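*Asks:* In this note's numbering, the protein residues as written are 1 to 888.
A virtual CB, placed ideally from N, CA and C, is assigned to each residue, including glycine.
Since the structure is predicted, the reported quantities are computational estimates derived from the model, not experimental observations.
#1: Rounded to whole angstroms, what is the Cα-Cα separation between residue 175 and residue 209?
#2: Can you tell me whether residue 15 is helix, strand or coil according to DSSP?
#3: With distance defined between alpha-carbon atoms, name the residue in 789, 795, 878, 885 nearest to residue 865.
#4: Helix, strand or coil: which one does DSSP assign to residue 233?
#5: Just tell me which of 586, 523, 443 has its CA closest to the CA of residue 906.
#6: Could you please give the first and the last residue of the uninterrupted alpha helix (DSSP H) stretch that includes residue 848?
#7: Could you tell me the alpha carbon to alpha carbon distance between residue 448 and residue 465, rounded to whole angstroms?
#8: Which residue marks the beginning of the beta strand (DSSP E) containing residue 892, and which one marks its end?
#9: What residue ranges within the stretch 394-481 form continuous beta strand (DSSP E) runs of no fewer than 3 residues, ordered along the chain?
#10: Just to confirm, are residue 287 and residue 278 a CB contact at a threshold of 7 Å?
#11: Do you know offhand how far residue 71's Cα is from residue 275's?
#12: Where does residue 571 sit, in a helix, a strand or coil, going by DSSP?
#13: Got a sec? Which residues, its chain only, sit under 6 Å from residue 728 by beta carbon, not counting five neighbours each side?
#14: Let me check understanding here. Comparing Cα to Cα, which of 478, 508, 567, 547 lies closest to residue 536?
#15: Taking C-beta to C-beta, are residue 154 and residue 199 nearer than 7 Å?
#16: For residue 424, I'd like the list of residues in its chain whose CB is within less than 7 Å of its CB, leaving aside the five on either flank, ordered along the chain.
#17: Use the C-beta contact count for residue 420: other C-beta atoms within 10 angstroms, 16 or more gives buried, fewer gives exposed.
#18: Could you check whether residue 116 and residue 133 sit closer than 7 Å to each other, using their CB atoms as the reference points?
#19: Should the stretch 764-782 be called in touch with the stretch 826-837, which here means at least 3 C-beta pairs below 8 Å?
#20: Have a look at residue 891 and residue 124 and give me their C-alpha separation to the nearest angstrom.
#21: Could you give the distance in angstroms between the alpha-carbon of residue 439 and the alpha-carbon of residue 407?
#22: Quick one, which of 604, 595, 428 has its alpha-carbon nearest residue 613's?
#23: In this structure, how does DSSP classify residue 100 when only helix, strand and coil are distinguished?
#24: Kindly list the residues whose CB is nearer than 7 Å to the CB of residue 875, restricted to its own chain and excluding five residues on each side of it in sequence; keep chain order.
#25: Please list the terminal residues of the continuous beta strand (DSSP E) segment that includes residue 140.
#26: Nearest by alpha-carbon distance to residue 248: which of 764, 265, 260, 261 is it?
#27: Can you name, in chain order, every residue of its own chain whose Cβ lies under 6 Å from the Cβ of residue 845, other than the five neighbours on each side?
#28: In the DSSP assignment, find the unbroken beta strand (DSSP E) run with residue 752 in it and report its ends.
#29: Between the C-alpha atoms of residue 869 and residue 786, what's the straight-line distance to the nearest angstrom?
#30: What number of angstroms, rounded off, separates the C-alpha of residue 180 from the C-alpha of residue 194?
#31: Do you know offhand how far residue 388's Cα is from residue 365's?
#32: Here's the rule: buried if 16 or more other CB atoms are within 10 angstroms of the residue's CB, otherwise exposed. What is residue 78?
#33: Enumerate in chain order the residues of its own chain whose CB-to-CB distance from residue 178 is below 8 Å, with the five nearest sequence positions on each side excluded.
#34: If we count the other Cβ atoms within 10 Å of its Cβ and call it buried at 16 or more, is residue 675 buried or exposed?
#35: Under DSSP, the beta strand (DSSP E) around residue 692 begins and ends at which residues?
#36: Take residue 253 as the anchor and find which of 226, 305, 240 has the nearest alpha-carbon.
And the structure:
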């Protein structure tokens, strides 16, 4: 799901984007946040825009786009699928395919009828030992069927290989869910995998795994033991003619022939590698070049960019090639194109396959000689008959990049990843699937500012719209309006200046690590997935493959600011360049020059201060979801991205499909006031007291009903003031602080206040209402230091009295609150439910919100599944009032 939100930053409207990937941040406080998943396969299902709370007024939410849900039992060509991925024919004339964003695996029978095989549609891990249709998957990719009809799924997001037997029962056969490398020689289910992309099975039942993140091929034998049969753990190209276990490659997909030879697609090296039965590795297709070199000659003498592979019983290889072709290498090693004409798009159904346009992601062949192609950009499964005629057998399409020059609401994106916002409010989108950077201006009109739609590298020095990009995964913008692109597939960082000219500012196109101290354009990068820029114009790169954070200064010189030669975790408290990182996926920088790293493989967020010292600010180093409400360093995280707000809040895109916040970078909440009222005669005064013998740093945050920051006029005891949604206080030992808010407006701003501090505090809030012709009325409520899942109030709605209640959701997600009303004798009058957003607030007169309490006295109890707090006010017929304390 892709969500576009707006928030307040530096007092101005800025954009926040929730996206299936990670978080980035641009200078001047413009933050981009994205809902997390893993680094490489990222897709959009839904686009939403949520306007900000401006001047206390909540705006509206709008759905931009969203696909219908496939109808089971319908004919597959009539249904919409959000990206077709793995594909595997079965022995009954049908085929299986996965839709990664939908987290499902489907089957299309020989008569074209669609059925569900695995997945509930919700990302996660569950269901082993039960029906596969009730299990959760996380971005299922490659599929393969063994001779017995069992289906194997590369459950990429869960770092596992799953198996669905012929009875429809799912199990895990490899992977423990921990993203790392371990376990060789032991049970495969106890071993760790890292982003398994490909899976294959040989005639004997051995299973092979393209353990891409670990740069290895793993084998699970028939007794369930795992071993490494190829790859030395480093990405690159080496080893041909020697033992496969000593070789370097970047494995995406696998196939095994009837003789036990293993074939590996190595797209970053533009080759197909083969491991024979003796364990010797060689190249069988590709010369390392990246420009289509033609057909009809030896496969080893031309360029290939293979993303998937299939081998038939005769030993012929079929390649899904990123040159927008399906290619065949016959038994004599000669390469030809057998489907797709080298152009992106969707054309040609009913005609010769070689004349059709497509973007092949996966390829497979059945026993009758029909070839199946997962056409990713058009979101279809296409079939090439033995006679060479192409047709669509699943999916009704869309998913094209379109809409330039028109409203962004009508445009189509393929795989939008990173998002950034410039100071003027223009939005920039890294659309990986279309190899373009799109821009949405403040009038809502979309255009392409970089990329011609062709995957590759060219165009430097010319118009950015004529240049080729290769899977752009991140984008940032500096205060002057220059746009920076993490051109991950090209192993470069590109810059588009304000005149629209594109250049490379880092990376020479070779995968590796080199160049520190010299020009950034001469340096080697290794899968740069994240980019950020500080207000001074320094560029920061999350160089995931080298486990480092690189910096390009304004003179164009590159250096490493975090990470050493070792993948792992070490170094807190010392120089960041001596520390070990593990797959850093995003980078952010705050206005003070602190750099924050999503150290994904270590399940931590690390911080490098301006002195170059590294520390952990969130995460205890184990995968999971725990710790909300406690110290960030004790929480379990699955961090994918990171951003820093202008108020020094840390936002984490978590693999649990949550956005998590570390308030004030670790300052804990010590209490709250459940009601703040300012304006229209209302004034709130907050008094805080530090009774300890040490100084305390404190922060007061204000939130509105929607949970968004609430900007209020704030005045301190010394008369100084500001308009802000938060304020920092330094409280001396046994000192106190007074803070007042009284807006000179005709409407009232309502919300609540959160108190964070480095030590315990006491205090209270005073509410004052001033009405024309009436004396002022005041009430006091103490600082509430308890957050629980239930609370109660006495209410009195008799003889003209009314009870007002305010309820606050203290949790990090939306909550449903149940209210139960009882009279003085304990008889239940009724119950009701209502929702409160994350960090949201709801205030009401009880008899107006819940009419069953009118003209009654009694108890109202509020319950939820997380943390709530509240306060009550009892109003007399003359509108004077007193506070009603919470009962727990």
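*Replies:* Reading from the atomic positions:
#1: 10 Å
#2: A caution first: residue 15 carries a pLDDT of 29, below 50, which makes its placement in the model unreliable, though a value can still be read off. Three-state result, residue 15: strand.
#3: 789
#4: coil
#5: No answer is possible for residue 906: it lies beyond the span of the chain, which begins at 1 and ends at 888.
#6: 846-849
#7: 7 Å
#8: The question about residue 892 has no answer, for the chain in this structure spans 1 to 888.
#9: 416-421, 427-431, 436-440, 446-450, 472-477
#10: no
#11: 42 Å
#12: coil
#13: 699
#14: 478
#15: yes
#16: 442
#17: buried
#18: yes
#19: no
#20: Only positions 1 to 888 of the chain appear in the structure, and residue 891 is not among them; the question remains open.
#21: 11 Å
#22: 595
#23: coil
#24: 801, 802, 804, 881
#25: 140-145
#26: 265
#27: 802, 804
#28: 749-757
#29: 7 Å
#30: 5 Å
#31: 13 Å
#32: exposed
#33: 159, 192, 623
#34: buried
#35: Segment: none, residue 692 is in no beta strand (DSSP E) and carries neither H nor E.
#36: 305
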